[in-house]
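First up is the structure itself, then whatever we jot down about it.
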Amino acid sequence: MEAREKIFQAADRLFSVNGFDATTTREIAEASNTNKALIHYHFTSKRGLYQAILDRYFDNLSETLQGVLVKNGATGDRLAAVIEAYVNFLANNRSYALIVQREITGGAGRERIIEHMIHNFQMIITALRDAYPESDYRNIDAEQLLISFYGMIITYFTYSDVIERLLKSDPLSRANLAKRKEHVLMMADAVLKAAG
């Protein structure tokens, strides 16, 4: 693995556990088996490294969402595709939810996170609204629908330590993730039936 990627992965882990402010370049260098000079060479600064991590996550998430949203279909089909894609993204990028939730409350990357999230939220809302003519969901507020399902999904990942104690098993195991996905999809179906 290249030094740049080692630094990137070590910083990703440390930022998810400690946050931006509490993580030092010395800790990143030690965790990546590199040195501080290489961090500055590849990323200019700790903030540059942090922004590169956020940008990679949001670029990958945007690409993932665009991939499912370009498909035509009714509101229920589009919502199900977004739910599946987002749960899969979070399962494959475990540090993402922790970094975003930590920083959105006032961390160093707050504004950058908000910009990226608004972009992705608008993309989903537009796709849901585009599906309305093919459906009878007149009572659905696309923004509220998005906020509700975002909360149902992200909370499962950000509170995984609490949920682990509740379930007495790893909530991020393949079986528990499949169960969670199935439950959220069932909730989406119930909401759309009630609104139809």
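In my numbering, the protein residues as written are 2 to 197. For every residue, glycine included, the Cβ atom is placed at its ideal position computed from N, Cα and C. Note that this is a predicted model, so its numbers are computed, not measured.
Using a Cβ distance threshold of 9 Å, V185 and L146 do not count as a contacting pair.
The residue among D13, A189 and G77 with its C-alpha nearest the C-alpha of R95 is D13.
For A98, the closest of M187, T26, T76 and M153 by C-alpha to C-alpha distance is M153.
With fewer than 16 other CB atoms across the displayed protein chains lying within 10 angstroms of its CB, G107 is exposed. The way I'd put it, the region 39 to 50 doesn't touch the region 72 to 80; fewer than three beta-carbon pairs between them come closer than 8 Å.
Note that the C-beta distance between L168 and A92 is not below 9 Å. DSSP places V83 in the helix class (H, G or I) of the three-state scheme. Taking each of F16, S161 and I105 in turn and checking the Cα distance to K47, the smallest one comes out for F16. For G20, the closest alpha carbon among the candidates A4, G110, F158 and R79 is that of G110. Only buried fits T24, as 16 or more other CB atoms lie within 10 angstroms of its CB. Between V83 and V101, the C-beta spacing is not below 9 Å. Secondary structure of D131 (DSSP, three-state): helix.
The beta carbon of Y157 sits closer than 6 Å to those of R181, all from its chain and outside the five residues before and after it, given in chain order. For I115, same chain residues with a beta-carbon under 8 Å away, outside a window of 5 residues either side, are I105 in chain order.
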